[in-house]
Structures are given as structure tokens and as C-alpha cells.
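Numbering (the numbering used here), first residue to last: 139 to 576.
By construction, the Cβ of each residue, glycine as well, lies at the ideal position given by its N, Cα and C atoms.
Please read the structure below before turning to the comments.
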Ligand SMILES: Cc1cc2nc3c(=O)[nH]c(=O)nc-3n(C[C@H](O)[C@H](O)[C@H](O)COP(=O)(O)OP(=O)(O)OC[C@H]3O[C@@H](n4cnc5c(N)ncnc54)[C@H](O)[C@@H]3O)c2cc1C
């Protein structure tokens, strides 16, 4: 490793400045280490991104947090950041597989209640310790697909259609290969209550947006940051690692914390190569391959939600703001290739299948799946991932530790999981590098 002498040297290099990377960098630099953060984009936040669109500050990625999420909650308390509740939905529209229906949001929740209770009844049995997801043997449950579990439930075709669409929303992808354990894991984190879990997914935003929390952590982090630093190679030996960016710059460190999304791992060349279970997990990837769209419709409407068919380009809508004669609505769909969120006519077509009278005036969104630095939305696991891949991804790989929402113990797929994983990776580095007492 002759280049090591030439490279700028640090105790630890953190790759990625999303919530996992920011948290890890703060912990390490405040723990006395020299830390360099290499971030490919020109901004912090990763898969969270508060940006000015349609005349407002809108969250294009991760948004909602909840009191059942201990890591993000502690960060909000630490920096004195409050919450901005989303409106409580009043009206609802839904597609039951053969016809359109409308009613109150409570009616729609009621239709989903019993099937969801039956589906997730074993959540605390399979996950008695939600933050230790492998404390019991999940092997058998982990090989079962959520789609098969839903198909086997003794419920009407209408309820099944609603349930499939609800979990397609949660996975932000097609549930044919979705791990049943992932659904159980989510619900175990809210003590077996799927309604509280749903509340966790779409009720409380961060005051000032996700940017407020990301910037608070950044301000608290005496580390060096390089933006536009797209890491392409990581070479390690027994004493150090050299991280090389696409422009050929080398940086060296004793340890590396790599927080890039799982789907993007294969963009980086590793020497020695990654263990097979890790590279296989990256190749197989996650299921969150969908889309989030923001759009405005004419008129100031009472808060509503709408649940369409599981194979529609947008299968869920939630109105968020009213302003200046417009209602701002969020839509989610399971397949990023099926809808361009920046095409208002495409959004209009699918919205009108559920709510015929609404007229879309503009729409925006970011293509997270097409974005080479994410390639996925929120990481939702395939069958076998939990038992077959997660243990390998959580092991130190020589001088490299993986971190990020993909590999959290608890709220994997959420901001909370990213923070949890960043904390744990930093703790691992700090304890491993601490001198042994004489
Ligand atoms: C549309 C959408 C909606 C979501 N909704 C919610 C929600 O409501 N609530 C919630 O809790 N979570 C939500 N999430 C999930 C949440 O945003 C993520 O789980 C979390 O932000 C991931 O953080 P991370 O640090 O693990 O990864 P990331 O945020 O992806 O950070 C990884 C960083 O690594 C950088 N990077 C990648 N490759 C390289 C490279 N080669 N070299 C250098 N840098 C690189 C990336 O640019 C990025 O900044 C949502 C996500 C999306 C996309």
C-alpha cells in the first residue's frame, strides 16, 4: 500500500453524510478522533432532502418521525427541535379491487384493522426484543413472503385488495418477494399495534424539516467534510485503509465507516473483495424501488387520504398543506419506472381513478431509484435478508464497518435506524481503537 504515505491521513473516514454518516462523524470527532467525511453529493442529508419546490419547502425523501423511535427522538431532544404534525385526515377514498368507495378516514382504517391484526398477530412472538431482531430464530418466518401470507388469510377479496395495497405502500415496492418478517418487525416496534405503526409512518414531521436536524448534527461535528467526493475504491491491509474518490484523490485512515445505501455498494471496488454474503446482499438489493410525488390540486380541500390498487403507479395519497387556493398532496407508488413524478398529467390520470374531481396544477419529485447515490428509496427487505444477510452486513469487514438504515437493528428503513446504526458503528470504532489498559 505505497500510496498510503501520500494520502491525507485520519483516524476514521466516514463515507456518506446522510443521518448514519453524520451521527457517526459526530460521535467519533467528539470522541477525540480526527475524522473525514466524504460525501458524493453537494449536500448533507442523503435520502432526506428538504427543498424549495412548488413555492414551498417540501420533503422529497424521508420525512416523518415518531415517539416510538428512540434514536431520532433523543436527537430532537438534544438539539431542542420540535415537531410539525401533519393534518389529521378526515375524508378517505379507496379502491377495493373492483370498485371505488368513499367515506371517512376512520372507516378506511376500520376496514384495514382486522386483517392487519390477524396478519401481524405473531409480531411480538417472532420479535420479543424488537431491537434484537435475531434474538430468536426467524429462519422459517423469514423465508415466507408477505404476499403469500396475505393470500392465505381468510378474508374477503375486497379486504385482501386493501391489505395488499397498504403493504405495497409500506414497502414502496412490489410485495411478491417481500419478507413477512419485515412486516412483523415493523409492527413489533410499536408493541404489536399496526395502527401506531401507521401513525409512526405519516404523522409527525420535524419542525424546520429534516434539514434542521441534519444541520444541528453537522454544527456539532468537528470533522472535515469533502463534498462531491464520490468514493470508487477502498483498499485495506492490517494497519490502514485507503479510500479513493473518482477524481483519483487518496485518503487514508485506520478505520472506515461506510454508510452508502446497500444498492450502491457495488459501485465501489474493494481490495480485498467483500465477503460473498455481503456482495450477494448488495446484488439482490432492497424492495423499496418506488416513487414519492408532491403535487398541487386546485382548491383548499379538507384533509384526505386515498388508497388505490397495489399495482397503480401511485397507490396512496395524503393531503398535507393548503395554501393560496391550492392543496398540496403527497403520492406514493411502488415502481419508480411506472411514473415520472414531474409529469402532472401522469399524476392527474392516476389521482382521478380515485378522486375524479381533483385537478392537478403541478407536480414534482426526485427519482431516488435512478439516482446513483441511492438507487433505492427506504430499504425494505426481501425474503431471507434478515437471517441470511443482516448478520454478515453488521460484522466489521476488516477495517471497514458498514452502517446505515439498511442494516439497523430496530427501525431499519427509517431515519431512526440510520441514526442507530451510525451510533453503533462509531461505538465499535471507538472501543476497538481504545488502548488496552495496562
Ligand atoms: C421517498 C422516501 C421517503 C422516506 N420516508 C421516510 C419517513 O417518512 N420517515 C423515515 O424515518 N424514513 C423515511 N425514509 C427513509 C430514510 O430517509 C432513510 O432510511 C435514511 O435517511 C437513510 O439514511 P442513511 O444515512 O442510512 O443513508 P443515506 O441517507 O442514503 O446516506 C448515504 C449517503 O452516502 C452518500 N453516498 C452514496 N454513495 C457514495 C459514494 N460512492 N461516495 C461517497 N458518498 C456516497 C449519499 O449521497 C448519501 O448522502 C424515506 C426515504 C425516501 C427515499
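| Item | Value |
| --- | --- |
| Is the Cβ-Cβ distance between residue 567 and residue 361 less than 8 Å? | no |
| I want to check one thing, is the minimum distance from the CB of residue 562 to the heavy atoms of ligand 1 below 7 Å? | no |
| Looking at C-alpha atoms only, which residue of 435, 480 and 157 is the closest neighbour of residue 201? | 157 |
| Indicate, with yes or no, if ligand 1 has a heavy atom lying under 7 Å from the CB of residue 487. | no |
| Is the beta carbon of residue 367 within less than 7 Å of some heavy atom of ligand 1? | yes |
| Would residue 285 pass as a contact of residue 560 if the rule is Cβ separation under 8 Å? | no |
| With DSSP collapsed to three states, give me the class of residue 430. | strand |
| Going by DSSP, name the residue or residues bridged to residue 455. | 444 and 469 |
| Closer than 7 Å to a non-hydrogen atom of ligand 1 - does that hold for the CB of residue 205? | no |
| Tell me whether residue 365 is buried or exposed, calling it buried when 16 or more other Cβ atoms sit within 10 Å of its Cβ. | exposed |
| Does the beta-carbon distance from residue 199 to residue 211 come in below 8 Å? | no |
| Between the region 212-224 and the region 415-426, are three or more C-beta pairs nearer than 8 Å? | no |
| Closest to residue 166 by C-alpha separation, out of 278, 149 and 177, would be which residue? | 149 |
| Check whether the Cβ atoms of residue 327 and residue 268 sit closer than 8 Å, and answer yes or no. | yes |
| Using DSSP bridges, identify the partner residues of residue 229. | 242 and 442 |
| To the nearest angstrom, report how far apart residue 399 and residue 449 are at their CA atoms. | 25 Å |
| Between residue 346 and residue 219, is the Cβ-Cβ spacing less than 8 Å? | yes |
| Just to confirm, are residue 651 and residue 332 a CB contact at a threshold of 8 Å? | Residue coverage of the chain in this structure runs from 139 to 576, which leaves residue 651 outside it and unanswerable. |
| Cβ-heavy atom distance between residue 180 and ligand 1 below 7 Å? | no |
| I need the straight-line Cα distance from residue 164 to residue 510, nearest angstrom please. | 26 Å |
| Do residue 277 and residue 525 come within 8 Å of each other at the CB atom, strictly closer than that value? | yes |
| In whole angstroms, give me the CA-to-CA distance for residue 247 and residue 288. | 17 Å |
| Does residue 482 come out as helix, strand or coil in the three-state DSSP assignment? | helix |
| Cα separation between residue 147 and residue 381? | 10 Å |
| Would you mind reading off the limits of the beta strand (DSSP E) that contains residue 407? | 407-409 |
| Under three-state DSSP, which class holds residue 276? | coil |
| Which runs of the alpha helix (DSSP H) spanning at least 4 residues fall entirely within the region 375-425, listed in chain order? | 414-422 |
| Could you give the residue range of the beta strand (DSSP E) that holds residue 539? | 538-540 |
| Quick one: Cα of residue 533 to Cα of residue 491, how far? | 47 Å |
| Between residue 521 and residue 317, which are expected to be in contact by the criterion C-beta below 8 Å, what is the C-beta distance as a whole number of angstroms? | 5 Å |
| So what's residue 363 in DSSP terms, helix, strand or just coil? | strand |
| Taking the beta strand (DSSP E) that residue 147 belongs to, which residues open and close that run? | 146-153 |
| If you pair each beta-carbon of the region 529-549 with each one of the region 409-422, do three or more pairs fall below 8 Å? | yes |
| Just to confirm, does residue 460 get its C-beta within under 7 Å of one of the non-hydrogen atoms of ligand 1? | no |
| Confirm the yes/no value for this check: CB of residue 382, any heavy atom of ligand 2, distance under 7 Å. | With respect to ligand 2, the structure offers nothing, as its ligand set consists of ligand 1. |
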